[in-house]
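If you're matching positions, the sequence shown starts at 1 in the UniProt record's numbering and goes up one per residue.
All C-beta atoms, glycine included, are put in the ideal place defined by N, C-alpha and C.
Treat the numbers as computed from the prediction; the structure is a model and nothing was measured.
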Amino acid sequence: MTLIKTSNNRRSFLKSSTLAGGGLLLGFSWLVSCNPTPEQVSRMPKEWFNINAFLKIGDNGIVTIASPNPEIGQNVKTSMPMIVADELGVDWNNVIVEQAPLNTEIFQRQIAGGSQSIRASWEGLRMAGATARHMLIAAAADTWQVPASEITIEAGVIAHKGSDKSAGFGEMASKAATIPVPEEVVLKDTKDFNIIGTDRRNVDGPNIVTGKPLFGIDIQEEGMLTAMIVHPPAFGMNYKSMNAESVSSMPGIKEVFPIDVYPDDMEQQWSDGGGIAKLVAIVGESTWQCMMAKKALNVEWENSSTLESTAYHEEALEKLLNTNAKEPARNDGNVTKAFNRAAQVIERTYSAPFLAHNTMEPMNFYADVTAERAILNGPIQTPEFLEKSLASRLNLPVEKIDIKMTRMGGGFGRRLYGTFGVEAAVISQKMQAPVKLVYTREDDMTQGTYRPTYKVKYKAGLDKDGNLIAWHVKGVGSNDDLIFENRFPAGAVDNYKAEKFVLETNVTTGAWRAPRSNFVAGAEQSFMDEVAEAAGKDPIEFRLELFDRAMKDPVGNPEKNDYDPERYAGVLKLVKEKSGWDGSVKNGIARGVSAYYCHNSYVAQVLDLAKDSNPPKVDKVWCAVDCGIVINPMAAKNQIEGGIIDGIGHATYSEMTFIEGKPQQSNFDTYRLIRYKEAPREIESYFVDNGIDPTGLGEPSLPPVVGALANALYKATGQRYYKQPFITEKPVLG
């Protein structure tokens with residue numbers, strides 16, 4: 001078992017108070033929520049021992065956990081309560097979790113992003129459950145006058161074997177609340193988990209499939225108006241004027257007016273990135289009425305900066321890539337000398353376009369703003385930062401701002417940026433009425449906050465024996481520097497150099513699922529295969545040789561390297577075993593392999609293409625994952641499979657292009673997503689069981705599959721793929 005001191009972190013995770021009527025209240029960070037099922041509702045206790053709590057216990061032993069974290073489909077709403085429940089010792093069937101609103105005084109980091117929810121909260125959640133268990137045991141020991149060491153808790157039953165005494169949580173909760181919070185708590189040994197590591201269904205599943213109102217788009221409030229926005233048609237344009245009278249008399253339209261979302265005196269947060277300062281708002285009784293008014297409204301825009309086209313972006317990226325950085329991000333050995341003596345030198349350039357997020361649920365937010373307070377409700381990944389933005393923009397103290405969080409129909413980083421929440425609040429303030437702002441698909445796809453466009457150049461040198469002696473990488477991105485200079489193969493090559501550049505552009509960009517990694521992993525792993533082929537080596541064995549070097553004789557200070565080469569090699573060996581990779585060529589099958597580290601996790605994949613079909617079709621993907629302890633295997637597999645399909649689809653089909661600042665794709669008739677028939681026929685996922693604390697899972701499976709796909713396409717067609725989307729280089733997938 002693990003002994004954890006609670007005293008230093010108690011304010012972060014634990015609070016105890018005696019409530020009117022008794023009961024146990026524990027406050028802790030990072031919990032998320034689920035709604036009670038009808039069966040649970042029928043078993044609701046007659047009395048809860050507290051009425052405003054983070055953990056409350058009913059008189060019949062049902063436990064409710066308050067949930068501050070946003071849910072964007074990553075299933076932390078189920079997995080995080082599982083951690084608390086396991087340490088507490090409650091029966092999972094007796095757990096109800098409620099979504100909490102934003103409360104920065106009680107909760108920490110109320111954010112969904114970076115695949116960090118479980119990793120960042122693992123110890124705190126366990127401490128919360130274990131502390132509650134300790135206090136319940138102490139209450140029982142005092143009641144029964146027996147040693148606490150002789151009392152056990154299992155499935156919600158507190159028992160003393162020596163006297164055969166037992167009690168439910170409800171019987172001891174009131175007294176437990178009077179027990180001082182302990183200075184130390186004993187956490188379970190991982191081998192004693194009985195909820196963690198077991199399959200648990202999505203707690204929102206029944207409500208999702210039956211259409212219960214869970215999402216922001218479902219919000220309907222009495223007296224609520226609908227609002228829509230009109231933004232500039234091109235990046236580099238600003239609002240000039242309009243004729244509002246032309247649409248103000250249309251059915252249901254209440255008002256049309258320009259809004260200054262981000263005035264100069266507003267203190268913006270990083271989450272306001274990508275926001276357009278001046279927009280036109282249309283407010284009406286229904287979404288349809290607002291959409292009709294949008295079509296009829298004539299707005300005049302004026303140029304404020306350069307109207308950039310895709311051709312310009314490509315040329316500017318290439319120009320930066322052909323310069324030398326003033327200071328390399330990392331420089332081991334001497335790559336210039338190594339290349340001069342190399343027997344072979346391979347150099348390749350890879351590129352990728354801007355990408356939209358395209359969440360299934362369009363951007364929306366509800367706002368009811370008065371002079372005294374602001375109430376907001378909607379799908380947001382960063383509620384704390386939205387609160388700060390609103391306090392500045394509305395000139396209200398944060399305690400007068402109430403932000404509630406709905407479940408999100410997708411996020412992928414798009415809802416990190418709360419600009420749509422600020423817009424809704426500004427419109428409500430102007431109208432002096434509650435409004436629900438709704439974006440059309442075209443609004444969202446052409447507004448920006450895209451995945452940046454990227455370009456990267458790799459250069460490798462081999463000696464006469466096929467050993468890698470030099471590696472040079474240069475990367476550039478729009479508003480982003482792309483390169484992770486301390487990731488593999490840094491530390492595994494004597495002569496290694498990394499350079500990175502940023503192209504400043506007025507096309508707004510932001511985090512997109514697995515930022516930077518979503519492109520650079522595929523490029524790196526494609527190049528790695530090409531270098532392995534030039535060396536005359538099996539691609540898996542070539543990588544394993546490098547990992548072996550990084551383990552036994554790392555270049556430079558190994559603490560600089562972001563990765564653990566032993567864990568990295570471990571997933572590659574596992575996927576080799578599970579896929580039956582032996583270097584041979586299977587009839588009708590082309591195989592590609594890839595491995596990558598990001599978000600603190602390691603993923604390796606083997607992808608099979610049915611090359612006899614025309615065009616080739618993804619037949620099967622094997623995926624090995626080292627993300628530490630897996631809380632909910634069912635949900636983990638869903639995350640892995642979703643990332644794989646997402647990566648294949650976007651690398652193959654999707655892109656945003658521009659002519660004089662105007663996006664050329666505005667809906668799914670021009671922006672291509674993967675289709676059902678193009679998804680892998682089968683995906684097998686395997687998780688390394690090493691007992692290490694959990695790491696990221698929502699994003700790490702997407703980046704490497706791009707490389708595995710590109711390598712398989714080469715085997716199927718004899719053609720290397722350097723430019724995304726792959727459809728531009730053909731053949732496409734069937």
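Open item on the list: Taking the beta strand (DSSP E) that M408 belongs to, which residues open and close that run?
Closed with: Sequence index remark: in the sequence shown, residue 408 carries index 408 (1-based). Counting along the chain, M408 falls outside any beta strand (DSSP E), and DSSP gives it neither H nor E.
Task: Coil, strand or helix - N377 by DSSP - done: In the sequence shown, the residue the question calls residue 377 occupies position 377. Strand at N377.
- [ ] Check whether the segment 110–121 touches the segment 678–690, counting contact only when three or more Cβ pairs, one atom from each stretch, lie closer than 8 Å.
- [x] no
- [ ] Write down every uninterrupted run of the alpha helix (DSSP H) in the segment 271–296 whose length is 4 residues or greater and which is fully enclosed by it, in chain order.
- [x] 287–296
Task: V90 and G156 closer than 8 Å at C-beta - done: For this step, residue 90 is matched to residue 90 along the sequence shown. For this step, residue 156 is matched to residue 156 along the sequence shown. Yes. Within cutoff.
TODO: Determine, using beta carbons only, whether E442 and N638 come nearer to each other than 8 Å.
DONE: One-based indexing of the sequence shown puts residue 442 at position 442. One-based indexing of the sequence shown puts residue 638 at position 638. Result no, Cβ atoms of E442 and N638 do not sit closer than 8 Å.
Open item on the list: In the DSSP output, which residue or residues are listed as bridge partners for D322?
Closed with: By 1-based counting over the sequence shown, the position of residue 322 is 322. Here residue 322 is Asn; the residue named in the question, Asp, does not match the sequence. DSSP lists no partner for N322.
TODO: For N8, count neighbouring Cβ atoms within 10 angstroms of its own Cβ and tell me buried if that reaches 16, exposed if not.
DONE: Against the sequence shown, residue 8 aligns to sequence position 8. Low confidence applies to N8: its pLDDT is 36, below 50, so where it sits in the model is not reliable, and the reading given next is rough at best. It is exposed - the Cβ of N8 has fewer than 16 other Cβ atoms within 10 Å.
Task: Opposing strand residues paired with E682 [DSSP bridges] - done: As a first step, residue 682 is located in the sequence shown; it is residue number 682 there, counting from the start. Per DSSP, K620.
Open item on the list: Quick check on the DSSP output: the beta strand (DSSP E) that includes S241 runs from which residue to which?
Closed with: Your numbering for residue 241 matches position 241 in the sequence shown. Its beta strand (DSSP E) spans residues M237 to M242.
TODO: Apply the 10 Å Cβ neighbour rule to D264 and answer buried if 16 or more other Cβ atoms are within range, or exposed otherwise.
DONE: Translated into the one-based positions of the sequence shown, residue 264 becomes position 264. Exposed: under 16 other Cβ atoms inside 10 Å.
TODO: Determine the closest residue to V606 out of P633, P616, L574 and L214, with distance taken between C-alpha atoms.
DONE: Translated into the one-based positions of the sequence shown, residue 606 becomes position 606. The option with the nearest alpha carbon to V606 is L574.
- [ ] Taking all protein chains shown into account, decide if M360 is buried (16 or more other Cβ within 10 angstroms of its Cβ) or exposed.
- [x] As a first step, residue 360 is located in the sequence shown; it is residue number 360 there, counting from the start. M360 should be labelled exposed.
Open item on the list: Which runs of the alpha helix (DSSP H) at least 4 residues long sit entirely within the segment 50–116? Give them in chain order.
Closed with: 76–88
Open item on the list: Cutting at 6 Å between CB atoms, please list the residues of its own chain near C627, excluding the five before and the five after it.
Closed with: Here residue 627 corresponds to residue number 627 of the sequence shown, with the count starting at 1. Same-chain partners within the cutoff: S601, T695 and L697.
Open item on the list: Quick check: the Cα distance between N711 and A342, rounded to an integer number of angstroms?
Closed with: To locate residue 711, count along the sequence shown from 1; it is residue 711. To locate residue 342, count along the sequence shown from 1; it is residue 342. Roughly 25 Å separates the two Cα atoms.
Task: Cβ pair A498, I483 closer than 8 Å - done: By 1-based counting over the sequence shown, the position of residue 498 is 498. By 1-based counting over the sequence shown, the position of residue 483 is 483. Yes, they are a contact pair.
Open item on the list: Suppose the cutoff is 7 Å on Cβ atoms and the five residues either side in sequence are ignored; what does the same chain contact list for S163 look like?
Closed with: Your numbering for residue 163 matches position 163 in the sequence shown. Cβ neighbours of S163 beyond the five flanking positions: W144 and V146.
Open item on the list: Less than 8 Å between the C-beta atoms of N238 and S304, yes or no?
Closed with: Your numbering for residue 238 matches position 238 in the sequence shown. Your numbering for residue 304 matches position 304 in the sequence shown. Yes. Within cutoff.
- [ ] Verify whether the separation of the beta carbon atoms of V422 and V283 is less than 8 Å.
- [x] Taking the sequence shown and counting its residues from 1, the one referred to as residue 422 is at position 422. Taking the sequence shown and counting its residues from 1, the one referred to as residue 283 is at position 283. Not closer than 8 Å, so no.
TODO: Verify the CB distance criterion: does L307 have a CB-CB separation below 8 Å to chain C?
DONE: The structure shown contains no chain C, having only a single protein chain.
TODO: For E559, count neighbouring Cβ atoms within 10 angstroms of its own Cβ and tell me buried if that reaches 16, exposed if not.
DONE: As a first step, residue 559 must be located in the sequence shown, where it is residue number 559. The residue is exposed, with fewer than 16 neighbouring Cβ atoms inside 10 Å.
Task: Own chain residues within Cβ distance below 7 Å of R414, not counting five before or after - done: Residue mapping note: residue 414 aligns to position 414 of the sequence shown, counting from 1. Excluding residues within five positions, the ones whose Cβ falls inside 7 Å are H357, T359 and T449.
Task: Inside the segment 335–366 only - beta strand (DSSP E) runs reaching at least 3 residues - done: 344–352
Open item on the list: Looking at the secondary structure, which residues open and close the alpha helix (DSSP H) in which I540 lies?
Closed with: Here residue 540 corresponds to residue number 540 of the sequence shown, with the count starting at 1. It spans P539 to K552 - the alpha helix (DSSP H) in which I540 sits, taken as one unbroken run.
Task: Nearest residue (CA-CA) to L546, options R487, T509 and G588 - done: Here residue 546 refers to the residue found at position 546 of the sequence shown. Residue R487 is the option with its Cα nearest to L546.
TODO: Check G448 in the structure and name its three-state DSSP category.
DONE: For the purposes of this step, residue 448 is taken as residue 448 along the sequence shown, with counting starting at 1. The answer is coil: DSSP assigns G448 none of H, G, I, E or B.
TODO: Compare the beta carbon distance of V185 and L125 with 8 Å and say whether it is the shorter of the two.
DONE: Position 185 of the sequence shown, counting from 1, holds the residue named residue 185. Position 125 of the sequence shown, counting from 1, holds the residue named residue 125. Cβ atoms of V185 and L125: not closer than 8 Å.
Task: From E533, K537 and P703, residue whose alpha carbon lies closest to that of G718 - done: As a position in the sequence shown, residue 718 is number 718, starting the count at 1. The candidate whose alpha carbon is nearest that of G718 is E533.
TODO: Return the first residue and the last residue of the alpha helix (DSSP H) that N711 is part of.
DONE: The residue you call residue 711 lines up with position 711 of the sequence shown. L702 to T717 is the extent of the alpha helix (DSSP H) around N711.
- [ ] Pick out whichever of M266, S286, Y262 and E302 has its Cα sitting closest to the Cα of E255.
- [x] As a position in the sequence shown, residue 255 is number 255, starting the count at 1. Out of M266, S286, Y262 and E302, S286 has the C-alpha closest to the C-alpha of E255.
TODO: Determine the contact status of residue 753 and A234, defining contact as a CB-CB distance below 8 Å.
DONE: Outside the shown range of the chain (1 to 734) lies residue 753, about which nothing can therefore be said.
Task: 7 Å Cβ shell around I375 - same chain, five flanking residues per side excluded - done: Within the sequence shown, numbered from 1, the residue matching residue 375 stands at position 375. So the list reads D368 and D402, once near-sequence residues are dropped.
Task: Contacts around A176, its chain only, beta-carbon distance under 6 Å, and the 5 residues preceding and following it disregarded - done: Numbered from 1 along the sequence shown, position 176 holds the residue referred to as residue 176. L24, M135, L136 and A139.
Open item on the list: Whole angstroms are fine: how far does the CA of Q447 sit from the CA of D608?
Closed with: Locating residue 608 in the sequence shown gives position 608, where the first residue counts as 1. Locating residue 447 in the sequence shown gives position 447, where the first residue counts as 1. Answer to the nearest angstrom: the Cα atoms are 37 Å apart.
Task: V603 versus I151: straight-line alpha-carbon distance, rounded - done: Numbered from 1 along the sequence shown, position 603 holds the residue referred to as residue 603. Numbered from 1 along the sequence shown, position 151 holds the residue referred to as residue 151. Each residue's Cα considered, the two are about 42 Å apart.
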